[in-house]
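Residue numbering for the sequence shown is 202 to 597, as defined by our numbering. Beta carbons: idealized from backbone N, C-alpha and C, even for Gly.
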Amino acid sequence: MTPTPSPIPSPLPVAFHVPHLDAGGIERVVVNLLINLDRTRIRPVLICGRRNGSLLEKVPGDIPVLDLGGLPARKAIFALARAVDGCGARILYSGTNAANMTALLAGAVLRGRVLVVPSEHTSPRVFLDTAKHPRLRAWAMRTLYPRAAAVSVPLAEVGQELREVLNLPKLRIMVQPNPVLDARFAELAARDPEIPLPHPDVPLIAATGRLDEAKGFDDLVRAIALLPHSDPAPQLVIMGDGAERPALAALIRELGLEDRVMLTGHVDNPYPVMKRADLAVVSSRREGFGNVLIEAMACGTPVVSTDCPVGPRVILQGGRYGKLVPVGDIPALAAAMAEVLSDGDLANDLAKRGRERAADYGINRTVGLIAEQFVALAAGRPWPEPTNAGGTSPRE
């Protein structure tokens with residue numbers, strides 16, 4: 202086991218390392234932690250590979266933001282080690298697979314003076330199936346992850362899958378549900394939308410996320426084309442930006458859906474759109490957690506999701522709180538959307554249940570747990586487990 206520094210300072214200094222602060226799921230998780238962690242218990246420091254991204258302006262002013270200057274990987278390891286040592290952090294939390302490797306190697310440079318907690322937020326099996334150089338990456342994870350004080354995952358199922366994929370049955374896993382709904386959520390959702398929306402009589406479908414292959418927005422666009430004819434026809438709003446935007450725009454033109462599908466680009470506050478939508482859809486091919494599901498349900502909007510690994514099935518409890526369809530089954534996705542849009546009783550029931558389920562992921566509950574876990578880890582004690590993460594505890 203990694204040696205534990207002593208004595209434990211209060212508040213506990215914790216460094217958070219991400220490559221950047223572009224608007225992605227893991228970056229939002231880190232920013233929500235930075236905003237909401239109790240400063241009497243945790244003293245956070247942010248260390249960015251590059252100090253840029255649309256979420257940078259949301260980082261509270263009391264938090265030091267250190268910039269590694271976009272250094273190449275080898276130099277970044279030593280720069281990160283110096284930054285962590287300089288700020289006196291006892292725990293180094295990292296997000297994204299590449300940042301995890303850098304953090305674990307920096308921890309090795311520091312010879313146990315910091316406890317490294319890499320985080321995995323997606324299905325390891327699907328990630329490695331689609332990653333560049335999957336064998337090399339799996340070897341690196343298998344070699345480096347046992348050096349972690351614990352690996353943070355949003356759901357127990359992600360941790361169990363990580364153990365299986367890497368053949369590391371004793372890997373130390375810390376389940377930390379994503380902090381999603383903060384105290385300002387209701388106020389943000391009540392604001393006017395930042396983008397123009399169709400007339401209220403037009404059924405509105407909302408989707409949000411980074412425009413990349415994993416989100417399956419191409420399948421969602423194709424499913425829109427399969428919806429039964431209605432007047433007025435449902436319209437889809439996809440909020441987000443990313444590398445797949447040109448391909449999605451071309452697909453929309455190819456299918457003749459320019460008047461029914463809108464790509465908005467990044468929307469700083471998507472919640473008013475979600476709240477006004479008749480349906481929210483997650484079309485992902487993989488989701489380690491599924492923040493969007495929680496946000497949409499908290500807005501009182503019924504949801505349809507692909508049954509992708511691994512978050513949606515756990516969050517929606519196998520379909521109790523929203524419709525689940527197989528990944529890549531475009532006709533099934535279209536049928537589920539059409540069913541919710543045409544059945545008011547079903548939509549209202551899903552909306553009511555969804556609000557109840559979303560309450561499990563209030564930010565005070567999750568951030569308080571994470572602070573307790575960090576303090577326990579630094580003290581060498583067993584850390585508390587969440588009660589709403591799904592599955593059984595994956596602790597060693």
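Euclidean distance between Cα positions of residue i and residue j
i	j	result
L367	A391	44 Å
I374	G563	22 Å
V482	V219	28 Å
G491	M440	15 Å
G308	R514	35 Å
H400	A408	18 Å
S211	L238	14 Å
P595	P378	Confidence is the limiting factor: at P595 the pLDDT is only 46, short of 50, which leaves the residue's position unreliable, though a coordinate-based value still follows. Looking at the two C-alpha atoms, the distance is approximately 13 Å.
K476	R283	45 Å
N301	S320	7 Å
L480	V403	12 Å
L345	A304	10 Å
A533	P527	7 Å
L257	H334	31 Å
T241	R275	35 Å
L234	A280	23 Å
A580	D268	29 Å
T567	A552	23 Å
N298	F328	10 Å
H322	A478	27 Å
L525	G287	48 Å
R229	G270	21 Å
P208	G360	30 Å
L458	G417	17 Å
R343	P273	22 Å
I243	D550	40 Å
Span of the alpha helix (DSSP H) around residue i
i	result
Q574	564 to 580
A537	531 to 543
Y472	472 to 477
A451	446 to 455
Q361	357 to 367
T344	335 to 345
T297	Segment: none, T297 is in no alpha helix (DSSP H) and carries neither H nor E.
G512	512 to 516
V172	This structure does not reach residue 172, given that the chain is present from 202 up to 597, and the question cannot be answered.
Span of the beta strand (DSSP E), counted from its first residue to its last, around residue i
i	result
D561	Looking at the DSSP string, D561 is not in any beta strand (DSSP E), and its letter there is neither H nor E.
V354	352 to 354
F217	213 to 219
D268	266 to 268
P319	316 to 320
L247	243 to 249
I425	Careful: I425 lies outside any beta strand (DSSP E), inside the alpha helix (DSSP H) at 418 to 427.
A408	405 to 409
Nearest-angstrom beta carbon gap, residue j and residue i [assumed within contact, 8 Å]
i	j	result
M538	L452	With 8 Å as the limit, M538 and L452 do not qualify as a contact, their Cβ atoms being about 17 Å apart.
L372	P347	7 Å
V474	I406	Not a contact, Cβ separation roughly 11 Å.
A548	V541	5 Å
I236	P261	6 Å
M498	V504	6 Å
P587	S324	Not quite, the Cβ-Cβ distance comes to about 19 Å (not below 8 Å), so this is no contact.
V376	V354	6 Å
Among the options, the one whose alpha carbon lies nearest that of residue i
i	options	result
R251	A277, V232, K259	A277
I227	C288, L213, S295	S295
G254	A552, L534, L222	L222
R558	D508, G501, R244	G501
Y522	G287, I248, S211, G555	G555
D383	Y472, L257, L551	Y472
E365	D420, A339, A387, V376	A339
R314	V493, A357, V285	V285
A448	D420, A577, R343, V231	D420
L389	P245, R275, N565, E496	E496
V438	E455, T465, L458	T465
D263	G270, L247, G271	L247
D393	A426, D469, L369, D432	D469
A387	V352, P208, A560, Q436	A560
D460	L398, G417, V354	L398
A341	A357, P355, L369	L369
L517	L356, A332, P245	L356
Within 7 Å, strictly: CB atoms of residue i and residue j
i	j	result
A350	V318	yes
P583	E573	no
L293	A415	no
P214	A290	yes
G225	R487	no
K259	V231	no
A336	E362	Correcting the residue type first, residue 336 is Arg in the shown sequence and not Ala. Their beta carbons are not under 7 Å apart, which means R336 does not touch E362 by this criterion.
S485	T507	yes
G489	G519	no
D413	E455	no
V462	V422	yes
V424	I531	This sequence places Ala at residue 424; Val is not what is there. Yes, they are a contact pair.
D432	H467	no
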